[in-house]
Amino acid sequence: MTAAPALAGSAVRLADISVEFVRDGKPFTALRGVDLDVADGEFVALLGPSGCGKSTLLRVVSDLLAPATGTAEVLGGPPRQARVARDVGFVFQDSALLPWKKVIDNVRLPATVGPRRSRQMTGLTPEEALALVGLTDAAGAYPSQLSGGMRQRASIARALVTDPRLLLMDEPFGALDEITRDRLNVELLDIWQRSRATVLFVTHSIPEAVFLAQRIVVMAANPGRVHEIVDVPMPYPRDVGLRETPEFNRIVSHLRRALDSQR
């Protein structure tokens, strides 16, 4: 399995991206020489050990962090342009819902803060976004009244109301139990296929990456870099039964060997 070639119509294009920090008074290279192309509408997973720069890469794409070297292009322009236009949605591992606001008001929040979009809003209303993630009946509840899985679904709904063309997800299901995680994986694929957004999804879970993604970027650490890009040639829609198939387990085994080789 080899790296895929550069794609036409890229939603994200990174060339020779490096990021450096100062840690304990010493320079630290979080990313070095990262090249990556993500096509419009594609679902790509970033997989790798802790400290390999997966989250750092998302922050470069979202304009939360400037690279030390290289160039980043998001939706045909600089990351800042996509951020200001509110074309990028970000879902974190923690749902980050405001505890004093009801679920519907948390989902409305992106439409009430920050600059208005430079293009006409054509996305979901907050009510439609909640319906899409199956939380219509929870609209009037407070975050403390929801399960962990429901809070994550609410955070996805909040990200969808700005009609993002690019959805960045930083281990959104990492803290959930396996049963809830499997269910939300299926729901996320349904949301992705209906929204037509491009998704860049960070995970530590090999099975999760294979179940969700069309391609998986395997990252290595010290410094963070792209080790390999693996295609997942299994059709959608996908259900949990896919995890029992020989093809699924073949790709899981390949990825496990790729990660083990970096130790």
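Each residue of the sequence shown is one higher than the one before, starting from 2 at the first, in our numbering. Glycine included, each C-beta is placed from N, C-alpha and C at the ideal position. In this text the structure is predicted, and so the values were computed from the model without any measurement.
So, at 7 Å on beta carbons, what are the nonlocal neighbours of residue i in its own chain, with the 5 sequence-adjacent residues on each side left out?
i	result
arginine 239	Leu190, Phe212
glutamate 248	Met235
histidine 228	Val219, Met220, Ala221, Ala259, Gln263
phenylalanine 22	Phe29, Ala31
aspartate 25	none
alanine 9	Low confidence applies to alanine 9: its pLDDT is 47, below 50, so where it sits in the model is not reliable, and the reading given next is rough at best. For alanine 9, where only same-chain residues beyond five positions count, there are no Cβ hits under 7 Å.
valine 108	Pro127, Ala130, Leu131, Ala155, Ala158, Arg159, Val162
Please name the residue, chosen from the options, that lies closest to residue i on a Cα-to-Cα basis.
i	options	result
valine 20	Arg14, Ser56, Leu47	Ser56
leucine 171	Thr163, Val187, Gln153	Reading off the sequence, residue 171 comes out as aspartate, not leucine. Closest option to aspartate 171, Cα to Cα, is Gln153.
alanine 97	Phe44, Ile157, Pro80	Ile157
aspartate 106	Asp88, Ala130, Val89	Ala130
glycine 175	Arg216, Ser206, Ala155, Ser145	Ser206
glycine 127	Pro144, Pro100, Arg159	One detail in the question is off: residue 127 reads as proline in this sequence, not glycine. Here the closest residue by C-alpha is Arg159.
glutamate 43	His255, Val187, Ser254, Arg197	Arg197
leucine 76	Val114, Val13, Ala86	Val13
For residue i, which residues of its own chain have a beta-carbon under 6 Å away from its beta-carbon, when the five flanking residues on both sides are left out?
i	result
leucine 169	Leu59, Ser63, Phe91, Leu201
leucine 243	Phe249
leucine 260	none
arginine 84	Asp64
proline 50	Ala222
glutamine 121	With a pLDDT of only 41 at glutamine 121, under the threshold of 50, the placement of this residue in the model should not be trusted, and no figure is reported.
glycine 54	Ala31, Leu32, Gly225
Considering only the beta carbon of each residue, do residue i and residue j sit closer than 8 Å?
i	j	result
leucine 15	glycine 71	yes
glycine 149	lysine 103	no
valine 219	isoleucine 252	no
threonine 199	aspartate 41	yes
arginine 226	valine 45	no
aspartate 88	leucine 167	yes
serine 134	isoleucine 180	In the sequence as presented, serine is not what sits at residue 134; that position holds valine. Cβ distance not < 8 Å, so valine 134 and isoleucine 180 don't count as in contact.
alanine 210	glutamine 263	no
methionine 151	alanine 132	no
Excluding the five sequence neighbours on either side, which residues of its own chain have a C-beta within less than 8 Å of the C-beta of residue i, listed in chain order?
i	result
threonine 123	Confidence at threonine 123 is low in this model, with a pLDDT of 45, below 50, so its placement is unreliable and no value can be given for it.
valine 61	Leu15, Ile18, Val20, Leu32, Ala67, Pro68, Ala73, Pro80
serine 11	Asp38, Val39, Ala40, Asp41, Glu74
arginine 195	Leu133
tyrosine 237	Leu190, Gln194
My understanding is that residue i touches residue j, with C-beta atoms under 8 Å, so please give their C-beta distance in whole angstroms.
i	j	result
proline 173	glutamine 94	6 Å
valine 241	aspartate 178	Not confirmed; about 14 Å, so no contact.
proline 100	proline 144	5 Å
leucine 161	alanine 155	11 Å between Cβ atoms; not a contact.
threonine 204	leucine 48	6 Å
valine 233	arginine 216	7 Å
So, does the CB of residue i fall closer than 8 Å to a CB anywhere in chain B?
i	result
valine 75	Reference to chain B is not applicable here, since this structure consists of a single protein chain.
Does any heavy atom of the ligand GDP sit closer than 7 Å to the C-beta of residue i?
i	result
glutamine 153	No copy of the ligand GDP occurs in the structure displayed, which carries no ligand at all.
(request) Only counting runs of 4 or more residues, tell me where the alpha helix (DSSP H) segments fall wholly within the segment 41 to 102, in order along the chain. (result) 55 to 62, 80 to 85
(request) Please list the segments of the alpha helix (DSSP H) lying wholly inside the segment 174 to 212, counting only runs of 4 or more residues, in order along the chain. (result) 179 to 196
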